[in-house]
Amino acid sequence: EYGVAIIGAGHAGAQAAIALRKEGFTGTVALIGDEPDPPYERPPLSKDYLKDEKTFERMLIRRPDFWADKEIALLPATRIEAVDAAARRLAVADGPAIRYGKLIWAAGGRPRPLPCGSDVGLRGVHAVRTRTDVDRLKVELPAARRAVIIGGGYIGLEAAAAMAGRGLDITVIEAEDRLLARVAGADISAFYRRRHEAAGVRFLLGTRTSCLRAEDGAIAWVELERGETLPADIVIVGIGILPNVEPLLAAGAEGDNGAVVDASCRTSLPDIWAIGDCARHRNPYAGGAAVRLESVQNANDQANVAAADICGRPAKYEALPWFWSNQYEVRLQTAGLSAGHDEAVLRGDPETGRFSVCYLKAGQLIAADCIGRPADFVQAQKLIAAGVRPQRAALEDPETPLKSL
Ligand code: FAD
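Heads up: the sequence shown begins at 6 in UniProt numbering, then just goes up one per residue.
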């Protein structure tokens, strides 16, 4: 029996264990995950790890002996199949049940399968979610000539950038009529499109795939809804994730697209918290709407809130969302949530590779996407948190520091 059992040894789970010890929690803690590796950072998977510019050891969230030093029991390769909230017991695939006093569910998400069926597993078809996924991709890449990436979101674009320049023919298929449509404004979409095209990446926008066709057990063709077929020896499916919450919902927790949590990250079940990619919470920066955020910031900050709450220190999740993406030499930093904006103000010239887009809702600054302008990112965070209504003319002038607004 563990005082606290944490399910999922990703960003959120690892940080929850770290934060429990920082808060002075002296009971037993288990960090239980179904991956074989100790907790590691996911963002490099689609960036420098895919490019072979970072080793796996440098992606570990803590050095290997940290966990034993802090008396945190790591249980890798352990999959929780069911939760019995009344008996405080976890059913383990191929293993004895685990009892807990308090439970933190931090099981993240899994790649959303293509509507035509999940073909990840077929030779040549890949997801980019785990180290195992990317290691498999890196084995197949050297022999590949044509790569098709399904999904023009951050994961697909980062993978395209990491794979460009190695002589591969790369096509990105996106159902919307612009890239990053769900998360960024049109200026950002257009900028990335130009940058990728300069690197030789081809885009098929407003295009859906209908199915994947194999030959001799390996991917051969991607069929498009409009009838065309594209030859491919590598396919990367990057069309979002599904939250891993089925065992929790089966146990009676409220939720559908994620487990519903309150401001302290508590689920509707007693002594069970949910954090990270799998938690659906009301976010003050989304106008109080229920959202599921997929970012390292959200995973870490929710982990800290749950740990504090478990230790009896009142804590509320109200952190400002932020995010980043690296593609080629382009470093994007995002503050706030732009969804629902009614005005996007361009600050600086995209041609220079250094510009920001500020998003307003009813005159109030709610988010900023900053490319090569780290000062804008830092200052925008403060303005967004303060609920500032900046003058449009001043916002548009890249020479006027945001902090002066
Ligand atoms: P995860 O990190 O997914 O961890 C959940 C863990 O739980 C996984 O190991 C999973 O296998 C395990 N698990 C699931 N079900 C069970 C079960 N039943 N039993 C046991 N274990 C289970 N965010 C940024 O802010 N910036 C970036 O640049 C960025 N880049 C990214 C690039 C990639 C390729 C990916 C995949 C994500 C990126 N993200 C980025 C998002 C960020 O990594 C996630 O938001 C973060 O990992 C979420 O942490 P989590 O702990 O909630 O989930």
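Backbone N, C-alpha and C define an ideal beta-carbon position, used for all residues, glycine too.
None of these values were measured; they are calculated from a predicted model.
- Between the alpha carbons of A264 and Y45 lies a distance of about 23 Å.
- DSSP places F360 in the uninterrupted beta strand (DSSP E) bounded by F360 to K366.
- Within the chosen limit of 7 Å, the ligand FAD does not reach the beta carbon of N288 with any heavy atom.
- With contacts defined as CB atoms closer than 8 Å, L365 and V350 qualify as a contacting pair.
- Beta bridge pairing from DSSP links A295 with R287.
- Between R115 and A102, the CB-CB gap reaches or exceeds 8 Å.
- Listed in chain order, the beta strand (DSSP E) elements of length 3 or more contained wholly in the region 147-226 are 151-155, 174-178, 207-209 and 214-220.
- In the pairwise beta carbon analysis, the region 287-295 is classified as not touching the region 8-22: fewer than three pairs are separated by under 8 Å.
- Closer than 7 Å to some heavy atom of the ligand FAD: that does not describe the Cβ of V265.
- Between the region 163-181 and the region 321-335, the count of C-beta pairs closer than 8 Å reaches three or more; the two stretches touch.
- In this structure, L342 keeps its C-beta atom at 8 Å or more from the C-beta atom of P319.
- Secondary structure of A349 (DSSP, three-state): strand.
- Judged by DSSP in its simplified three-state form, Q384 adopts helix.
- Note on geometry: alpha-carbon atoms of L388 and Y290 lie some 12 Å from one another.
- DSSP places A255 inside the alpha helix (DSSP H), whose first and last residues are E251 to A255.
- By the beta-carbon neighbour count (other beta carbons within 10 angstroms, threshold 16), G122 is exposed.
- One alpha carbon belongs to D39, the other to D276, and they sit about 22 Å apart.
- Within 7 Å of the C-beta of T83 there is at least one heavy atom belonging to the ligand FAD.
- Your pair G18 and I109 checks out as a contact, with CB atoms roughly 7 Å apart and the cut at 8 Å.
- Of A148, Q369 and Y322, the smallest CA-CA separation from H346 is found for Q369.
- Rounded to whole angstroms, the separation of the alpha carbons of S361 and A385 is 10 Å.
- The region 181-188 makes contact with the region 210-222; the number of CB pairs closer than 8 Å reaches 3 or more.
- DSSP places G122 outside both helix and strand once states are collapsed to three, so it counts as coil.
- Judged by beta-carbon spacing, D381 lies within the 8 Å limit of A373, meaning their Cβ atoms are closer than that value.
- Cβ neighbours of A367 within its own chain (closer than 8 Å, five residues either side excluded): D347.
- Shortest Cα-Cα distance from A91 to any of H16, A149, P379 and S273 involves S273.
- Annotation: H201 to D99 spans about 46 Å, alpha carbon to alpha carbon.
- Judged by DSSP secondary structure, V335 falls within the beta strand (DSSP E) whose first and last residues are V335 to G341.
- Taken through DSSP and simplified to helix, strand or coil, Q396 comes out as coil.
- By the Cβ-count criterion, T31 is exposed, with fewer than 16 other Cβ atoms from all chains shown falling within 10 Å of its own Cβ.
- Annotated three-state conformation of L50 is helix, per DSSP.
- Annotation: D261 to D89 spans about 19 Å, alpha carbon to alpha carbon.
- Between I315 and V240, the CB-CB gap reaches or exceeds 8 Å.
- Under DSSP, T33 shares a beta bridge with no residue.
- Remark: C-beta atoms of A82 and L36 do not approach each other more closely than 8 Å.
- At least one heavy atom of the ligand FAD sits closer than 7 Å to the Cβ of R47.
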